[in-house]
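Shown next, in structure tokens, is the structure this report addresses.
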Amino acid sequence: MVYYFLNKWEVMTQNIFNYPILLLLRNDKVKKLYAKRGVENPEDVVKNAVNNPKTGTNSIIAGIHMGGLLVMLEYSVFNFTQAIIGKSLIQYFFKDVMSFVLFLVVFLVPAGIVNYFLLYKKDKYLKYFKKFDKTFKNNSRKYGWKSFFIVMSFYLLVVISFVVLVKAI
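Here you go:
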């Protein structure tokens, strides 16, 4: 559900930010340039490239957001662990390049694996999109707000973990 509404958010924001470009593509001279290359409506091509759930950039950006949420969860657990043991461990991960690379791998690989199996394996996210388009047709706003608060809770968890860490060490 969160991925679905993150994608919807991306579509909405891209429509706002791409509006000047889309206005330019509506110009008759620009349309003629694209028509010479076999593109009848360049505005539709751009919208499809950005908003298409299967191949559009918005799906990729929403997937990055989902991975970021998982990384924030992992980092919060790391901070709470440091607070519980009463010792800062971060300096061990930034003492040389290999330690930093290991640190990144420890946080990024699990997020990528979880995203792969929950969203991308066999294009599950496309099935989710079809299901949620039908399910949330009337209650879209309600579930959109729930998704928003879930995302914000991850941000809040990271902030709280830093507060707890600073007070514990």
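The opening position of the sequence shown corresponds to residue 1204 in the numbering used here, with each subsequent residue numbered one higher. Ideal Cβ placement from N, Cα and C applies to all residues, glycine included.
Start-to-end residues for the alpha helix (DSSP H) that takes in residue i
i, result
"Ser1291", "First-last for Ser1291: undefined, no H or E at that position."
"Tyr1331", "1327–1338"
"Ile1316", "1300–1318"
"Leu1322", "Looking at the DSSP string, Leu1322 is not in any alpha helix (DSSP H), and its letter there is neither H nor E."
"Asn1221", "Note, Asn1221: premise wrong, no alpha helix (DSSP H); not H, not E."
"Phe1297", "Premise fails: Phe1297 is in no alpha helix (DSSP H) and is neither H nor E."
"Ile1363", "1343–1371"
Residue burial classification, residue i (beta-carbon count within 10 angstroms, cutoff 16)
i, result
"Ser1262", "buried"
"Phe1335", "buried"
"Ala1252", "exposed"
"Asn1318", "buried"
"Tyr1295", "exposed"
"Ser1350", "buried"
"Ser1279", "buried"
Between the CA atoms of residue j and residue i - distance to the nearest angstrom
i, j, result
"Leu1292", "Asp1299", "14 Å"
"His1268", "Lys1239", "38 Å"
"Leu1276", "Phe1357", "7 Å"
"Lys1325", "Lys1232", "42 Å"
"Leu1226", "Asn1210", "23 Å"
"Ile1353", "Leu1272", "10 Å"
"Phe1332", "Leu1228", "29 Å"
"Met1355", "Gly1241", "45 Å"
"Lys1290", "Ser1364", "14 Å"
"Val1361", "Asn1244", "45 Å"
"Phe1281", "Leu1368", "10 Å"
From the options, residue whose alpha carbon lies closest to that of residue i
i, options, result
"Gly1266", "Tyr1346, Glu1277, Phe1208", "Phe1208"
"Gly1259", "Gly1241, Val1242, Glu1213, Ile1287", "Glu1213"
"Leu1322", "Tyr1346, Leu1359, Pro1256, Tyr1237", "Pro1256"
"Asn1221", "Leu1236, Val1274, Tyr1206, Lys1250", "Lys1250"
"Leu1311", "Val1274, Phe1296, Ile1264", "Val1274"
"Ile1288", "Met1204, Lys1370, Val1205", "Lys1370"
task: Just list the alpha helix (DSSP H) runs in the stretch 1230–1263, keeping only unbroken ones of 4 residues or longer that don't cross its boundaries, in chain order.
output: Correct list: 1231–1239, 1245–1254.
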